[in-house]
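Down below is the structure, laid out as structure tokens.
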Amino acid sequence: MPSSCVVPLCKSNYNKNGHNIKVYSFSAETELRRKWILAIKRDNFTPTKYSKVCQLHFNESDFLTTSKAVDPKTGNGLEVPLKIKS
1 MPSSCVVPLC KSNYNKNGHN IKVYSFSAET ELRRKWILAI KRDNFTPTKY SKVCQLHFNE
61 SDFLTTSKAV DPKTGNGLEV PLKIKS
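Below, the structure is given as structure tokens:
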């Protein structure tokens, strides 16, 4: 089942043009998680393990790609978004 972006009014999960939209889970790191929650501006929002934010809310420069953490399925370095567009 595809994940939906939790950012208000985001329609990325309704993408009809065939492009794959990546989604990212909220960080377990407290300060980064807090910044994401503030940036998405949803009243009384508490993310769950299923809450996701899509790539459309990040700039390319927001990502830290490391070869230390590797996706076991692809062998590629994992992308970690550090901030979110406000």
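For the sequence shown, the UniProt record's numbering puts the final residue at 86, and the numbers step up evenly by one.
Glycine residues also receive a C-beta, built at the ideal position from the N, C-alpha and C atoms.
Computed from a predicted model, the values in this text were never measured in an experiment.
Taking the straight line between their C-alpha atoms, what separation do you get for residue i and residue j?
i	j	result
I21	Y50	16 Å
K41	F26	15 Å
G75	F63	18 Å
N59	F45	23 Å
V53	I37	10 Å
So, with DSSP's three-state summary, where would you put residue i?
i	result
K35	helix
S27	coil
Looking at chain B, is there any beta carbon in it that lies within less than 7 Å of the beta carbon of residue i?
i	result
D62	Of the chains in the structure shown, none is chain B; there is only one protein chain.
Taking all protein chains shown into account, do 16 or more other C-beta atoms lie within 10 angstroms of the C-beta of residue i, making it buried, or fewer, making it exposed?
i	result
S12	buried
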